[in-house]
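J.:
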Amino acid sequence: MEQFQFPGIIGAIDCTHVAIKAPPQDHPVNPGLAYYNRKGYYSINVQLICDANLRVLNCNARFPGAVHDSAIWSLSQVRHYLQRMYSQGQLQSTWLIGDSGYPLEPWLLTPTRASKIILSAVILHNLALNDRLPDSAVDDDHLDEPLVIQQEQRVQNVINEPVLNEARRIRNRVIQQYFR
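Start counting the sequence shown at 1; every next residue gets the next number (UniProt numbering).
1) Give me the Cβ distance between Asn37 and Gln47, rounded to the nearest whole Å; I'm assuming they're in contact under 8 Å.
2) What separation, rounded to the nearest whole angstrom, lies between the Cα atoms of Thr110 and Glu161?
3) On the DSSP letters alone, give me the boundaries of the beta strand (DSSP E) that Val46 sits inside.
4) Please identify the residue among Asp51, Tyr178 and His17 whose C-alpha is closest to the C-alpha of Pro64.
5) How close, in whole Å, do the beta carbons of Leu91 and Leu104 come, if the pair is a contact with beta carbons under 8 Å?
6) From the DSSP output, read off the bridge partner residues of His17.
7) For a quick check, are the C-beta atoms of Ile13 and Ile44 less than 9 Å apart?
8) Tell me the rounded alpha-carbon separation between Asp69 and Leu54.
9) Please report the Cβ distance between Leu75 and Trp95, rounded to the nearest whole angstrom; I am assuming they are in contact, meaning their Cβ atoms lie under 8 Å.
10) What residues in its chain sit with their C-beta under 8 Å from that of Val56, if we drop five residues either side in the sequence?
11) Please classify Glu152: does DSSP put it in a helix, a strand, or coil?
12) Please report the straight-line C-alpha distance between Leu129 and Leu119, rounded to a whole angstrom.
13) Return helix, strand or coil for Asn172, following the three-state DSSP convention.
14) Could you check what DSSP says for residue 251 in three-state terms: helix, strand or coil?
15) Tell me the residue span of the alpha helix (DSSP H) that contains Leu33.
16) So who's on the other strand from Glu105, going by DSSP bridges?
17) Please list, in chain order, all residues of the same chain as Asn157 whose beta carbon is under 8 Å from its beta carbon, the five residues on each side excluded.
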């Protein structure tokens, strides 16, 4: 994604739900309920990786709608390939970018908690507008102070600690190099 002045990014990853007709509930391997997603309809959860020109580099359409994005990623051949390349020292300064539905890994950069706080503030702002709540007084004296973010909560059984620490170090380096 050099054209966006973000070197090293080889693609963006996310899942999307493709609606399907309700499958039979009595199917022995994949009962219909497995396809009922959190959005309230039956689907296949399709994981896509695309490049900066929107060219699809990888498509995984094998999972029912109830399966979470991170579970699809954990079983992905692409993940296993990148993990192997990284462990052999053949993958440096090369990443996919994904949303917070994915685990932070040395080869997969995900948002920091600060972005989640900002998104939460935007949602609260819109709720206040919808409810016609008055603006509260803002203390401008503290607006230029840096935001202190508590350390991320540990995600158990997702990734081993040394690899997660390395992923955090890499993400922080990318943020410092390209966004500060």
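Just so you know, even glycine gets a beta-carbon here, dropped at the ideal spot from N, CA and C. Model, not experiment: these values are computed from the prediction.
T.: This is what the structure holds:
1) Here Asn37 is actually not in contact with Gln47; their C-beta atoms are around 14 Å apart, not less than 8 Å.
2) Taking the Cα positions, Thr110 is about 17 Å away from Glu161.
3) For Val46, the enclosing beta strand (DSSP E) begins and ends at Ser43 to Cys50.
4) Nearest C-alpha to Pro64: His17.
5) Taking 8 Å as the upper bound for CB-CB distance, Leu91 and Leu104 are not in contact here, some 15 Å apart.
6) His17 is bridged to Asn45.
7) For Ile13 and Ile44, no; Cβs fall outside 9 Å.
8) Taking the CA atoms as reference points, Asp69 sits about 20 Å from Leu54.
9) Not confirmed; about 20 Å, so no contact.
10) Beyond the five residues adjoining it in sequence on each side, Val56 comes within less than 8 Å, by CB distance, of Leu48, Ile49 and Cys50 in the same chain, given in chain order.
11) Legend: pLDDT at Glu152 = 43, less than 50; position of this residue unreliable, value from coordinates given subsequently. Annotated three-state conformation of Glu152 is coil, per DSSP.
12) A direct Cα-to-Cα measurement between Leu129 and Leu119 gives close to 15 Å.
13) Of the three classes helix, strand and coil, the one that applies to Asn172 here is helix, per DSSP.
14) Any question about residue 251 goes unanswered here, given that the chain covers just 1 to 180.
15) Unbroken run through Leu33: none, as it is neither H nor E.
16) Partner(s): Leu108.
17) Low local confidence applies: a pLDDT of 43 at Asn157 is under 50, so the model's placement there is unreliable, with the coordinate-based value given in what follows. For Asn157, where only same-chain residues beyond five positions count, there are no Cβ hits under 8 Å.
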